[in-house]
Amino acid sequence: MRPRKILRIGRWEVTKNAGGIDRKTAAVVGATLLVLGAAVPLVLAQGGVTLDEGFYRVGVAEESPLYPVVEDDPTFAVRDSDAELGSAIDLQIDGTQVVASDTQKGQAALAELRGSVDSYNDRVMAGESNQSAAFPVTVTLEYAERNRTIAPADGGDGTTGDGATGGGAGDQGGSDDGGGDGTTGDGGDGSDGGTTGGTTDGGAGGDGATGGGSSGDIGSIARGLTGSDAMTGTPSDISPPFPFQSLILAFLFVIPLNFVIQAYGSTMLSERLNRRGELMLVAPVSRWDIIAGKTLPYFLGAMVFEGAIAGAIIALEPGSGSGAYALLAVVPLVLLFLAATFLGAMFARSFKELTFVTVSITVGLTTYAFVPAIFTDVTPIALVSPLTIVVRDIQGVAIEPLEMAISTVPPLFTATLFFVLGAGLYREEDMFTQRSIPLKVLDSLAGRIRRRRSVALVVVLLMPLVILAELVAVAAVYPISMALPRELWLGLILLAIVVIEEVAKSLPAYAGFVHNRYDRTVRSALTVGALAGLGFFVAEKGLLIVQLLGGLPEVQQAAVVSAGPTAGISPMVALVLLLAPLALHVVTAATSAVGMRSGRQGYAVGLTAAIAIHFVYNFAVVMLVV
Amino acid sequence: MIEARDLRKEYGGFPAVEGSTFSVESGEVFGIIGPNGAGKTTTLKMLAGLIEPTSGSVSVAGYDAGETEMRRRLGFLPEESPLYEEMTADTYLRFFADLYDVPEDVAARRIEETLSELDLQHRDRQIGDMSKGMKRKVAIARSLINDPDVLIYDEPASGLDPLTTNYIIEFTSQLAAEGKTIVFSAHNLFHVESICDRVAIMNGGEIVARGDLDQLQAEHGETVYHVHATVEVPDSVARNGQYVRTVESMDEVEATREAASEAGGEIVDIRTEESSLEEVFLNVADGHDSRSRSDRGADAESGSEA
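In order, the protein sequences belong to chains A and B.
The first sequence begins at 1 in the UniProt record's numbering and counts up one residue at a time.
The second sequence begins at 1 in the UniProt record's numbering and counts up one residue at a time.
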């Protein structure tokens, strides 16, 4: 590729499209963007989107030391302290005694009150003239990865406190011995509370029980209330309030991409309709120059949008990160949106089909990027989405390089793969033909297949897509699986992974047969299948090596679950465990290949058999090992 | 300037072009004619490097088809005019000049000259608002923006009114006179006859006849003689006081003269009429269609160079 040519094509792409917009339309679009641009900072300056304003009803008397806390938090609506708990109010505060209604909303209100007390304490302490006295101890917080997840807000009966809420910290926090203020009946299961209990200002503890109304009192109340302020678990464990901040941040970043791909898909498809792109193909530029040049303005445009959003949020939200990680993480996401749209535009035969394709891409990729990012603070599985990094960076949370890699490398590789497959169709013979989308998919794969060994390379190239699909499958199945028996959910995840892998292994070989690249003999099918299996094995083990070297967390392990154990085994067993997957992939890919010789139905039969073999193998290995 | 050897192109196992071999000399105008589906467009696109041959080779100006340097020296005009309709003619031509690395001042001058020669009005209009003839002129101007040595024109006057058609054919003749090497395809055989030095006739994916017009006529055409006698002779018709007999050989002319002499008359005029390219084409196409597929395959294998 030649940068000079790419820049020229990019510049002319902008000129060309500018010519298609009349001045009135440009003025309307400009004015709309201006209004939106002015509205976002205003909303943020007013405290952001407060969808939860007055969400919880709290019965509290003015003389209660918790009254100012409740009054200051817009999430709460102050009600008469004598109102009926449950029907009229969610929380009832009598002095320092807090009682929550026996509903999920009541428990959530209690959790919200804990956070409010913490914030209130910080504000009060920050206003003290003697800061040394207000903050006598400097504590460095170091959060360690937990090897088990604990559901929040699962303890307690929602009635009166037992005075031991924070005391549960003994198993972890240790220092939190003053938590027993008797203000709550909830506070989590103790172990959770310990984490926070150990970090709150224990010096103020104890007094809280007396309800003296001083700041120290509130500090002790806080300890009691904040038996847990760190939520872990799965999305299904989350109680209201919903993570609105993550939701809105993720929404802000993903929405512009959906507009950009509409324009991008349209320009790419218009090259194909009426053969408009034919003359560019005759010009002294390569197809990659054309693709890169036409993509560049949309990539830069999307990055400008994303950068502006990040910049506005960072400028208006003190405590945000630098935004550098956010922008870096957005790059593969933008590329993935564009690459998927490009490939879709190469497949679509009309603007009607393109609409279907772009809507599918919008729904699919928005789900992939947006939904996990909502649960940024909840579960590490959220790291499958680059937007999780964006949200964390905006929230000012430190980001490890490995986390960055987990979130960004798979979509980056997938985007590259989509561009490579789409570029295979960017030639006269494929661009202007009216073939169905499934046939175009096969064309794009066949474009990379010249001889038998090519199939192994194409299978390797598909590996990023396989990993991405597996991560999404795991993320999708995981929440559902928590309600199922262990064997069942494990089987469900394994089945999803097996189907993805077998399709990825067999599809390139099928494309080769459909395009008459291979003889339809059993020998040829076995050779092609074996090569496909070998390619998959090499790619999978390469990934495993990366996993072992990098120590990826469990979310990645789930994606390569069939790799088997790696420690505490003899070399011979290790060798067998290494070669067994090779045999598996060769056998299953060959099974599919033998079937596909006789056409689509034969392929379906062969693929089903391969999936069955692979599933039985994986399930047996996992049940033996886990 | 152009060398095509054993060009073959298959689509899904079906041969669109079978073993075409020909060459085009520098400054020559080479016409390719044939019925729809004969393989003309596929052949032209293989010459332009747009389509990769299934087998065989093409070189243009010493470069393999598709090479960047070859593309710099080539001007291609497809059958349709696939233009960017949001652009004006000026911006469209400057865009392609940019792609071909033509300096801005040279491009500006060349655009002005070419559009003036083509008599293109309303250059500031968006191309989408132009008539079909105007669009075709823009497309032709684009094919010349890099001042190419070789022009490949596929049906340059397709679907245009007679006035614009004549204008474009004359313009193409002018380009030929300037020394451009032109490969030219058209359905209107009168146009081909008027500007081409040599012609290849394609049918069923292969070249079934080739040569200059005289050669084609000699090999595939017919010459008829209209013999005018003062007296009635066998198979004659009366016309303007004379009797005209049409024969296909000089022996028959001699026989007619003897018959007129025996009847007491004489021959007063002999007029010669040769087949047009259209008639040659029809003869070739008819003859070709009547042959079996296997025969054509054998011909292609032993086909001679043009």
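Glycine included, C-beta positions come from ideal geometry on N, C-alpha and C.
CB contact below 8 Å: residue i versus chain A
i, result
"B:F184", "no"
"B:E86", "yes"
"B:E48", "The sequence given here places Ala at residue 48 of chain B; Glu does not occur at that position. With 8 Å as the cut-off, B:A48 counts as an interface residue toward chain A."
"B:K45", "yes"
"B:G204", "no"
"B:P78", "yes"
"B:Y153", "no"
"B:I51", "yes"
"B:F171", "no"
Closest by C-alpha distance to residue i, when choosing among the options
i, options, result
"A:D118", "A:V70, A:T362, A:D94 and A:N130", "A:V70"
"B:T164", "B:I51, B:I127, B:M250 and B:L118", "B:L118"
"B:V244", "B:G205, B:D235 and B:Y63", "B:D235"
"A:A348", "A:P65, A:E62 and A:L273", "A:L273"
"B:I182", "B:G13, B:G211 and B:L77", "B:L77"
"A:A590", "A:M572, A:A574 and A:I611", "A:I611"
"A:V499", "A:E470, A:Y518 and A:R523", "A:E470"
6 Å CB neighbourhood of residue i in its chain, flanking five on each side removed
i, result
"A:V285", "K5"
"A:A525", "A593, V594 and R597"
"A:V586", "A530 and G533"
Cut-off 7 Å between Cβ atoms - residues of its own chain near residue i, not counting five sequence neighbours on either side
i, result
"B:R191", "Here residue 191 of chain B turns out to be His, not Arg, going by the sequence shown. The answer, listed in chain order, is A157 and I169."
"B:F281", "I33, L189 and I201"
"A:V14", "P297"
"A:W288", "M1 and A423"
Between the CA atoms of residue j and residue i - distance to the nearest angstrom
i, j, result
"A:F356", "B:T91", "33 Å"
"A:F337", "B:D149", "43 Å"
"A:G512", "A:I449", "7 Å"
"B:M70", "A:S350", "33 Å"
"A:N130", "A:G86", "42 Å"
"B:D105", "A:Y603", "60 Å"
"B:I152", "B:E28", "12 Å"
"B:Y100", "B:K132", "25 Å"
"B:T230", "B:S261", "10 Å"
"A:A345", "A:L468", "21 Å"
"A:N516", "A:V477", "38 Å"
"B:G265", "B:F22", "52 Å"
"A:V621", "A:W489", "16 Å"
"A:K504", "A:Y120", "The sequence given here places Ala at residue 504 of chain A; Lys does not occur at that position. If you take the alpha carbons of A:A504 and A:Y120, they lie about 55 Å apart."
"A:G163", "A:E403", "Bear in mind that a pLDDT of 35 at A:G163, under 50, signals an unreliable position, so the model cannot answer this."
"B:M130", "B:A89", "9 Å"
"A:T608", "A:A539", "23 Å"
"A:I374", "A:S407", "14 Å"
"A:F76", "A:Y56", "5 Å"
"A:V616", "A:Q601", "23 Å"
"A:G606", "A:L584", "14 Å"
"A:G170", "A:Y143", "With a pLDDT of 34 at A:G170, under the threshold of 50, the modelled position of that residue is not reliable, and the figure given next carries that caveat. So the alpha carbons of these two residues sit roughly 17 Å apart."
Cβ of residue i within 8 Å of any chain B Cβ
i, result
"A:N17", "yes"
"A:P284", "yes"
"A:R450", "no"
"A:L439", "no"
"A:D229", "At A:D229 the pLDDT is 44, less than 50, meaning the model places this residue with poor confidence and gives no usable figure here."
"A:N258", "no"
"A:E428", "yes"
"A:W12", "yes"
"A:R8", "yes"
"A:R275", "yes"
"A:E112", "no"
"A:L490", "no"
Sequence-distant residues of its chain with Cβ nearer than 8 Å to residue i (five each side left out)
i, result
"A:V455", "I449, P508, A509, G512, V528, L531, A532 and G535"
"B:M87", "F95, Q126 and I127"
How do the stretch 294–313 of chain A and the stretch 113–127 of chain B stand: do at least 3 beta-carbon pairs fall below 8 Å, yes or no? Fewer than three Cβ pairs drawn from the stretch 294–313 of chain A and the stretch 113–127 of chain B lie within less than 8 Å of each other, which leaves the two stretches out of contact.
Is the stretch 410–425 of chain A close to the stretch 327–345 of chain A, with three or more CB pairs under 8 Å? Three or more beta-carbon pairs drawn from the stretch 410–425 of chain A and the stretch 327–345 of chain A are found closer than 8 Å, and the two stretches are therefore classed as touching.
Three-pair Cβ contact test at 8 Å for the stretch 79–99 of chain B versus the stretch 163–181 of chain B: Cβ pair count under 8 Å is below three, so no.
Using 8 Å as the threshold, is the stretch 62–76 of chain B in touch with the stretch 135–147 of chain B, meaning 3 or more CB pairs across them? Segments in contact, yes.
Tell me whether the stretch 119–126 of chain B and the stretch 34–48 of chain B touch, counting them as touching only if at least three CB pairs, one residue from each stretch, are closer than 8 Å. These segments do not touch.
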